[in-house]
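A.B. asks: Protein chains in written order, with this note's numbering: chain U, 2 to 375; chain W, 2 to 375.
Before I ask anything, here is the structure I am working with.
There are 2 protein chains.
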Amino acid sequence: MTAPIMAASRRTRRTPYSDRVEAHGVKGYTVYNHMLLPTAFRSLEEDYRHLCEHVQVWDVACERQVELQGPDAARLTQMMTPRDLSRAQIGQCLYAPLVDEAGRMLNDPVILKLAEDRFWLSIADSDVLLWAKGLALGLRLDVRIDEPDVSPLAVQGPKSDDLMAAVFGDAVRAIKFFRFAVLPFRGRRLVVARSGWSKQGGFEIYLDDSSLGGALWDTLWEAGRPFDVAAGCPNLIERVEGGLLSYGNDMTREHNPLECGLDRYCSLDGGHDFIGRAALRDIRDHGVARLIRGVRFEGETCPPCLVPWPVRDAGGTLAGQMTTAVHSPRLGNIGFAMMERGFWTPGQAVTVEGPDGKRRAGTVAELPFVSPGG
Amino acid sequence: MTAPIMAASRRTRRTPYSDRVEAHGVKGYTVYNHMLLPTAFRSLEEDYRHLCEHVQVWDVACERQVELQGPDAARLTQMMTPRDLSRAQIGQCLYAPLVDEAGRMLNDPVILKLAEDRFWLSIADSDVLLWAKGLALGLRLDVRIDEPDVSPLAVQGPKSDDLMAAVFGDAVRAIKFFRFAVLPFRGRRLVVARSGWSKQGGFEIYLDDSSLGGALWDTLWEAGRPFDVAAGCPNLIERVEGGLLSYGNDMTREHNPLECGLDRYCSLDGGHDFIGRAALRDIRDHGVARLIRGVRFEGETCPPCLVPWPVRDAGGTLAGQMTTAVHSPRLGNIGFAMMERGFWTPGQAVTVEGPDGKRRAGTVAELPFVSPGG
Chain U
2 MTAPIMAASR
12 RTRRTPYSDR
22 VEAHGVKGYT
32 VYNHMLLPTA
42 FRSLEEDYRH
52 LCEHVQVWDV
62 ACERQVELQG
72 PDAARLTQMM
82 TPRDLSRAQI
92 GQCLYAPLVD
102 EAGRMLNDPV
112 ILKLAEDRFW
122 LSIADSDVLL
132 WAKGLALGLR
142 LDVRIDEPDV
152 SPLAVQGPKS
162 DDLMAAVFGD
172 AVRAIKFFRF
182 AVLPFRGRRL
192 VVARSGWSKQ
202 GGFEIYLDDS
212 SLGGALWDTL
222 WEAGRPFDVA
232 AGCPNLIERV
242 EGGLLSYGND
252 MTREHNPLEC
262 GLDRYCSLDG
272 GHDFIGRAAL
282 RDIRDHGVAR
292 LIRGVRFEGE
302 TCPPCLVPWP
312 VRDAGGTLAG
322 QMTTAVHSPR
332 LGNIGFAMME
342 RGFWTPGQAV
352 TVEGPDGKRR
362 AGTVAELPFV
372 SPGG
Chain W
2 MTAPIMAASR
12 RTRRTPYSDR
22 VEAHGVKGYT
32 VYNHMLLPTA
42 FRSLEEDYRH
52 LCEHVQVWDV
62 ACERQVELQG
72 PDAARLTQMM
82 TPRDLSRAQI
92 GQCLYAPLVD
102 EAGRMLNDPV
112 ILKLAEDRFW
122 LSIADSDVLL
132 WAKGLALGLR
142 LDVRIDEPDV
152 SPLAVQGPKS
162 DDLMAAVFGD
172 AVRAIKFFRF
182 AVLPFRGRRL
192 VVARSGWSKQ
202 GGFEIYLDDS
212 SLGGALWDTL
222 WEAGRPFDVA
232 AGCPNLIERV
242 EGGLLSYGND
252 MTREHNPLEC
262 GLDRYCSLDG
272 GHDFIGRAAL
282 RDIRDHGVAR
292 LIRGVRFEGE
302 TCPPCLVPWP
312 VRDAGGTLAG
322 QMTTAVHSPR
332 LGNIGFAMME
342 RGFWTPGQAV
352 TVEGPDGKRR
362 AGTVAELPFV
372 SPGG
C-alpha cells in the first residue's frame, strides 16, 4: 500500500513556519496539539546524521503554550505537578510531569517561569488548557488561562550557538541550560531558551507574533548558510539514542511518573501541595510494578512501532511492552519498553515480537543509550 | 511538492479497524482525538457519489467516549452544556455544545444517556476528558470519568437499514433518529444508534471490545455485498452540502454556540445550571456580532481551506471568514463562513479570497445547502 497522505484541514492547524517547511520539501507530517509537526525532510537517517554534525531549524510551533497568569497562577501551576516549584526562578525552564488524582500522567511540559504570577506550560500532546481551566473553575481560582500566539522555533545541533549568535548576538552564548533570556527581534522581545527535544544542544525561540514566522525562519536560514543549516525536526533515531521519552508513545495516562523513571521530578515529601500526592506516595511505598527501560535487539532494519509490541523472556512469559523502536546506524535496533517487575534489570535477555511476526533476540539496557557527548 | 505522508507512531493511535481500512486502500488520514481517521478511499467525489447511493462502513473509532458514571454524573454532564438535559431519556442521543465560563465552545459531542447515572460524551476533537476531570476534581464531585474501550463504527448511506438488518435483525429498523438500542453481537451487547456524520441516514455501532473490531468489520462487509458496500469516511462534499459543522474547522474556542447557529441547543432561561450561562445570556441580549452561514462561489475547482479565507463585500470591506470550502458536483463551490453582522443576510454579494490569490464572486446562503432528501 502507498503510505496515506496527511489530509490537511484548518482543524490540523498550520504553523507560522509551514510555508517554509513545505518549501524545503517536508516528506512527512504528524499532528501534535491539533497542529502540524514535520517528521522527515531527507530521510530519517540523513536528517539524523546532519543533526549530529551541523545545525537545523525545527518547526515546533506545536509545542503550544498554556499561559497561567494572575494571583493564583503559581498555586495552580504547583498543584498540577509533583515537581517542587517553590524555589523556581524567573528565567528558568522546568521539565515537569503533570498527573491526575491517581498519579497518572496527563502531560510532561517544560514550565517557563516568566514572572512570579505568570507561567507558560510548553506542552506535549494533550489539551492541558482544558485540565487547567477545569481545575481553576472548580476551585474558583483567580487565574487567567489561555493559549497565546506563541510558536516555538527550535535551533538544534552542535553549531547552534554559532548560528544563534549570528542572529541574536553573543548574549545567547551565556544562556545556561534550561534557562531563558529575553532578546530583541524585529521590534519584539522574544523568550529564547537553551533547550529543545534533542541531545545535540540548541535553543528554542518562543516567537510571540505569528506574522513574523517567515521573517524569523529566513533570518536564521540566511545566517545559517556558513554552518550548513538544514530544515529538520525531532528525529526518531536521535531521540531514542538519547533516551527522550514521548508522551503518547512511551508514557500515557495509564502510567505514573515513577514508572517512567521521572522520580527526580517528583518531590513527594516536600511541603508543596499537588494533585495526586497521596497516590504517588502510595505507589512509591509499595514499589512500582513496571519501569521504562531501553532494549537493544537484533535486526538490520526495524519496522515502526505503531502499537505496543510484546517483550518476552526466554520462557515466553510476557515481560514488558515496547512502545518506540528504531534502527540506529551506530547502535543497531534500539527502543523503549515498559518492563514488568522482575524483568527490568539491565542485561535481562528478552525477545521482541514485531508486527512482521519475527522474534528478535534482545537485551534490557539502561537509559539513555548514548550520554551527552557520547 | 508531493503531499507529505501521515507519519505514524503509537501516539496517533490505530483503531480496531485500521488493518481493514488499509486493506481497502485508504488514501488519506487525519488525526482526531489522538487517533487515525481516514479521509479518502477512491477520490473525494467517487466516495461522495457512492455514499449518496449505496452504503458505506466508516472507521470513526476516533469519536472517543468520555464516560461519566456515578452519583454526580448527571449533574456534571448538565454543567458542561447549555442544552437542557432535564428531560433526557435513557436511550437518547443528544447533540450538545460544551462551553466554558465565557460561553466559548470547547467541543460539540453527542451525549448518550446510558442510565440515570451513566453518560457517554461521544466527542469531537478536543480532550473533554481533561475538562471533565478538572471540573470534577475542583468541585469535589462524586463521579468516575474515563475513556472506555469503545470504538464506534458507522454504517452510512441510503441502504444502511438493509445492511444493518442483515447483521443485527429487523430490530434496527425500529430505532428512531438519535435513539439507540442495545443489540447482541458475538456475545456482547452493543449500543447501536441511528446517527452519524452524514445526512444520508445510517447508524453508529459503539463496539466496546477492541479485539472484535476485525470481526465486526468483516461481518458488515460480508452482509453488505448485495448492497454494494464500500469503505468510506466522513465526506467533505456531503458534509458541506448537508451543513454539518466541524469543531476545529468551522467552530473553535474563539466562538460561542449562538454564533454557530446552535441556538436550539442552548436553553438559556431554563431552570438548569450550567457553566457559561451568564455569558451566553449576555451575548444573546446584545446580539451576536457574527454568524455562521453558507457561501456559494464561482469556480470549477476549489483548493482546500487550510487557513480562514477573507470574505469581502463589493467595496472590499472584510465581511467574514471562510473556514471550509469544497467543490460540489451538483452545487458548484460551497463553503462555510463566519460572517460579520451586516453581511450575513442570505443573498449578500461577496468575494472569496482563496490561497491562489484569485477573487471568486459569491453569495451568502442559508444552511444547509441541501435539505435531507433534497
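In this text, a Cβ means the ideal position worked out from N, Cα and C, and glycines have one as well.
For a minimum of 3 consecutive residues, which ranges assigned as the beta strand (DSSP E) are wholly contained in the stretch 212–244 of chain U?
C.D. replies: 231–233
A.B. asks: Determine the direct distance from the alpha carbon of residue 79(W) to that of residue 281(W), and round the result to whole angstroms.
C.D. replies: By one-based count along the second sequence, residue 281(W) stands at place 280. By one-based count along the second sequence, residue 79(W) stands at place 78. Computed Cα separation, rounded: 15 Å.
A.B. asks: Whole angstroms is fine: what's the gap from residue 158(U)'s alpha carbon to residue 52(U)'s?
C.D. replies: Here residue 158(U) refers to the residue found at position 157 of the first sequence. Here residue 52(U) refers to the residue found at position 51 of the first sequence. Their backbone Cα atoms lie some 5 Å apart in a straight line.
A.B. asks: Taking the straight line between their C-alpha atoms, what separation do you get for residue 342(W) and residue 291(W)?
C.D. replies: Residue mapping note: residue 342(W) aligns to position 341 of the second sequence, counting from 1. Residue mapping note: residue 291(W) aligns to position 290 of the second sequence, counting from 1. Rounded to whole angstroms, residue 342(W) to residue 291(W) spans 5 Å at the Cα level.
A.B. asks: Thinking C-alpha only, which one of 77(U), 304(U), 263(U), 99(U) is nearest residue 45(U)?
C.D. replies: Working through the first sequence from its first residue, we reach residue 45(U) at position 44. The option with the nearest alpha carbon to residue 45(U) is 304(U).
A.B. asks: Answer with yes or no whether the minimum CB distance from residue 353(W) to chain U is below 8 Å.
C.D. replies: Numbered from its first residue, the second sequence carries residue 353(W) at position 352. So, not an interface residue.
A.B. asks: To test your reading of the DSSP string, which unbroken beta strand (DSSP E) runs of 3 or more residues are found completely within the stretch 45–129 of chain W?
C.D. replies: Listed in chain order, the complete beta strand (DSSP E) runs (minimum 3 residues) inside the stretch 45–129 of chain W are 57–60, 66–70, 94–96, 106–108, 111–116, 119–123.
A.B. asks: With C-beta atoms as the reference, is residue 57(U) less than 8 Å away from residue 241(U)?
C.D. replies: What you label residue 57(U) is simply residue 56 of the first sequence in a count that begins at 1. What you label residue 241(U) is simply residue 240 of the first sequence in a count that begins at 1. Contact: no.
A.B. asks: If we require 3 or more residues per run, which beta strand (DSSP E) segments fall completely within the stretch 164–216 of chain U?
C.D. replies: 181–186, 189–194, 203–208
A.B. asks: For residue 62(U), count neighbouring C-beta atoms within 10 Å of its own C-beta (all shown protein chains included) and say buried if the count is 16 or more, exposed if not.
C.D. replies: Within the first sequence, numbered from 1, the residue matching residue 62(U) stands at position 61. Flag for residue 62(U) reads buried.
A.B. asks: Among the residues of its own chain, which have a CB less than 7 Å from the CB of residue 187(W), if the five just before and after it don't count?
C.D. replies: For the purposes of this step, residue 187(W) is taken as the residue at position 186 of the second sequence. Excluding positions up to five away in sequence, the list reads 213, 216.
A.B. asks: How would you list, in chain order, the residues of chain U whose beta-carbon sits under 7 Å from the beta-carbon of residue 128(W)?
C.D. replies: Within the second sequence, the letter at position 127 stands for residue 128(W). The contacting residues are 127, 128, 131.
A.B. asks: Using a Cβ-Cβ distance cut-off of 8 Å, determine whether residue 64(U) contacts chain W.
C.D. replies: As a working note, residue 64(U) is residue 63 in the first sequence. For residue 64(U), the answer is no, since every Cβ of chain W falls outside 8 Å of its Cβ.
A.B. asks: At the 8 Å Cβ level, is residue 309(W) part of the contact set with chain U, yes or no?
C.D. replies: Taking the second sequence and counting its residues from 1, one reaches residue 309(W) at position 308. Closer than 8 Å: yes.
A.B. asks: Could you tell me how far apart the beta carbons of residue 204(U) and residue 165(U) are, in whole angstroms, since I believe they sit closer than 8 Å?
C.D. replies: Your numbering for residue 204(U) matches position 203 in the first sequence. Your numbering for residue 165(U) matches position 164 in the first sequence. About 5 Å; that satisfies the 8 Å criterion.
A.B. asks: Any idea if residue 317(U) is buried or exposed, counting beta-carbon neighbours within 10 angstroms, 16 or more meaning buried?
C.D. replies: Within the first sequence, residue 317(U) is the residue found at index 316, counting from 1. The residue is exposed, with fewer than 16 neighbouring Cβ atoms inside 10 Å.
A.B. asks: Looking at the strands, I want to know which residues DSSP matches up with residue 322(W).
C.D. replies: For the purposes of this step, residue 322(W) is taken as the residue at position 321 of the second sequence. Residue 322(W) pairs with 311(W), 339(W).
A.B. asks: Could you please tell me which residues of the stretch 94–109 of chain U, in chain order, have their CB closer than 7 Å to any CB of chain W?
C.D. replies: Residues passing the 7 Å Cβ filter: 101, 102, 107.
A.B. asks: List, in chain order, every chain W residue whose beta-carbon is nearer than 8 Å to that of residue 138(U).
C.D. replies: Reading the first sequence from its first residue, position 137 is the one you call residue 138(U). Residues of chain W passing the Cβ test: 101, 102, 135, 136, 139, 276.
A.B. asks: From what residue to what residue does the alpha helix (DSSP H) around residue 276(W) run?
C.D. replies: Position 275 of the second sequence, counting from 1, holds the residue named residue 276(W). No alpha helix (DSSP H) contains residue 276(W), which DSSP labels as neither H nor E.
A.B. asks: Does residue 10(W) come within less than 8 Å of chain U when only Cβ atoms are used?
C.D. replies: Within the second sequence, numbered from 1, the residue matching residue 10(W) stands at position 9. Answer yes: the Cβ-Cβ gap between residue 10(W) and chain U drops below 8 Å somewhere.
A.B. asks: Counting along the chain, where does the alpha helix (DSSP H) carrying residue 20(U) start and finish?
C.D. replies: In the first sequence, counting from the first residue as 1, residue 20(U) sits at position 19. Run containing residue 20(U): 19–24, per the alpha helix (DSSP H) assignment.
A.B. asks: What residues in its chain sit with their C-beta under 6 Å from that of residue 276(U), if we drop five residues either side in the sequence?
C.D. replies: The residue you call residue 276(U) lines up with position 275 of the first sequence. Excluding sequence neighbours, residue 276(U) sits near 80, 102.
A.B. asks: Reducing DSSP to helix, strand and coil, say where residue 361(W) ends up.
C.D. replies: Your numbering for residue 361(W) matches position 360 in the second sequence. DSSP places residue 361(W) within a strand segment (E or B) once states are collapsed to three.
A.B. asks: Between which residues of its own chain and residue 144(W) is the CB-CB distance below 6 Å, once the five residues before and five after are set aside?
C.D. replies: One-based indexing of the second sequence puts residue 144(W) at position 143. These residues qualify, in order along the chain: 69, 71, 73, 74, 77, 137.
A.B. asks: Around the Cβ of residue 174(U), are there at least 16 other Cβ atoms within 10 angstroms (buried) or fewer (exposed)?
C.D. replies: Your numbering for residue 174(U) matches position 173 in the first sequence. It counts as exposed.
A.B. asks: Residues in its own chain within less than 7 Å of residue 152(W) by CB, not counting five upstream and five downstream?
C.D. replies: In the second sequence, residue 152(W) corresponds to position 151, counting from 1. If we look at residue 152(W) and ignore the five residues flanking it on each side, its Cβ neighbours are 16, 17, 62, 208, 211, 214.
A.B. asks: Taking DSSP's pairing of strands, which residues face residue 354(W) in a bridge?
C.D. replies: Numbered from its first residue, the second sequence carries residue 354(W) at position 353. Answer by DSSP bridge pairing, in chain order: 360(W).
A.B. asks: Excluding the five sequence neighbours on either side, which residues of its own chain have a C-beta within less than 6 Å of the C-beta of residue 256(W), listed in chain order?
C.D. replies: Translated into the one-based positions of the second sequence, residue 256(W) becomes position 255. Same-chain partners within the cutoff: 106.
A.B. asks: Using 8 Å as the limit for Cβ to Cβ distance, is residue 35(W) near chain U?
C.D. replies: Along the second sequence, one-based indexing puts residue 35(W) at 34. Chain U contact via Cβ: present.
A.B. asks: Could you tell me whether the Cβ of residue 43(U) comes closer than 8 Å to any Cβ of chain W?
C.D. replies: Your numbering for residue 43(U) matches position 42 in the first sequence. Judged by the 8 Å Cβ criterion, residue 43(U) is not in contact with chain W.
A.B. asks: Leaving out five residues before and five after residue 149(U) in sequence, what residues of the same chain have Cβ atoms less than 6 Å from its Cβ?
C.D. replies: The residue given as residue 149(U) occupies position 148 in the first sequence. Once the five neighbours on either side are set aside, the close Cβ partners of residue 149(U) are 66, 68.
A.B. asks: Near residue 336(W), which residues of its chain fall below 6 Å by C-beta distance, leaving aside the five closest residues on each side in sequence?
C.D. replies: The sequence position of residue 336(W) within the second sequence is 335, counting from 1. Cβ neighbours of residue 336(W) beyond the five flanking positions: 296, 323, 325, 326.
A.B. asks: Could you check if residue 8(U) is buried or exposed, using at least 16 other CB atoms within 10 Å of its CB as the buried criterion?
C.D. replies: By one-based count along the first sequence, residue 8(U) stands at place 7. When all chains shown are included, residue 8(U) counts as buried.
A.B. asks: Buried or exposed for residue 308(U), going by 16 or more other Cβ atoms inside 10 Å?
C.D. replies: Taking the first sequence and counting its residues from 1, one reaches residue 308(U) at position 307. Burial call: exposed.
A.B. asks: Write down the C-beta distance between residue 178(W) and residue 193(W) rounded to the nearest angstrom, noting that I regard them as a contact closer than 8 Å.
C.D. replies: The count along the second sequence starts at 1 and reaches residue 178(W) at position 177. The count along the second sequence starts at 1 and reaches residue 193(W) at position 192. 13 Å between Cβ atoms; not a contact.
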